[in-house]
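Visitor: Okay, here's the structure, questions in a sec.
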Amino acid sequence: MLDNFPNIYWLTTHCRSGENQTKCWLSGKLPTRLVEHMSKHVQATDWEVLKTDAIDFTKPFIWFDDNPMLSERQVLEQHSCLASHFAMNPRDPEMAKKALRLLEEIVLEQRHLG
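Written out as structure tokens, the structure reads:
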């Protein structure tokens, strides 16, 4: 899916303040080739307190997060983007498949419209 979405940001403390720490944090946890590929596609984010500070609300987005703060949910609501949040559940062994299905549906929809 990395090839289908050119603007990928990792809204995490591991990748903020303009620094991309993807390679550092994922090395040893995922296959080396995947980490290399991801580190080339994931862009640095610029936020300090709220992850939503890094979101461009003028463009469509999907935010995968297991537990946004209440204030981040309120920001999403203020921008009428609550549906753009995909609630991750780290304890669900099928979660990655569910997220991938969502992304596949978006790609298929884009191809149909384009």
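Under my numbering, the residue at position 81 of the sequence shown is numbered 82, and the numbers go up by one with no gaps.
The beta carbon of each residue, even a glycine, is placed where N, CA and C say it ideally should be.
In this text the structure is predicted, and so the values were computed from the model without any measurement.
Got a sec? Which residues, its chain only, sit under 8 Å from ASP47 by beta carbon, not counting five neighbours each side?
Guide: ARG17, SER18, GLY19, ASP54 and ALA55
Visitor: Which whole-angstrom value describes the C-beta separation of PRO91 and ASP67, a residue pair presumed to lie in contact below a C-beta threshold of 8 Å?
Guide: 6 Å
Visitor: Three-state secondary structure (DSSP) at ASP66?
Guide: strand
Visitor: Please report how far the alpha carbon of HIS113 lies from the alpha carbon of GLU106, in whole angstroms.
Guide: 10 Å
Visitor: According to the neighbour-count rule (16 or more other Cβ atoms, all chains shown, within 10 Å of its Cβ), is GLU73 buried or exposed?
Guide: buried
Visitor: Would you mind working out which of LYS99, ALA45, ALA100 and THR33 sits nearest THR13, comparing C-alpha positions?
Guide: ALA45
Visitor: Look at the Cβ atom of THR23, then the Cβ atom of SER40, and state whether they are nearer than 7 Å.
Guide: In this structure, SER40 lies closer than 7 Å to THR23 by Cβ.
Visitor: Near LEU103, which residues of its chain fall below 8 Å by C-beta distance, leaving aside the five closest residues on each side in sequence?
Guide: Around LEU103: ILE63 and PHE87.
Visitor: Helix, strand or coil for SER81, going by three-state DSSP, please let me know.
Guide: coil
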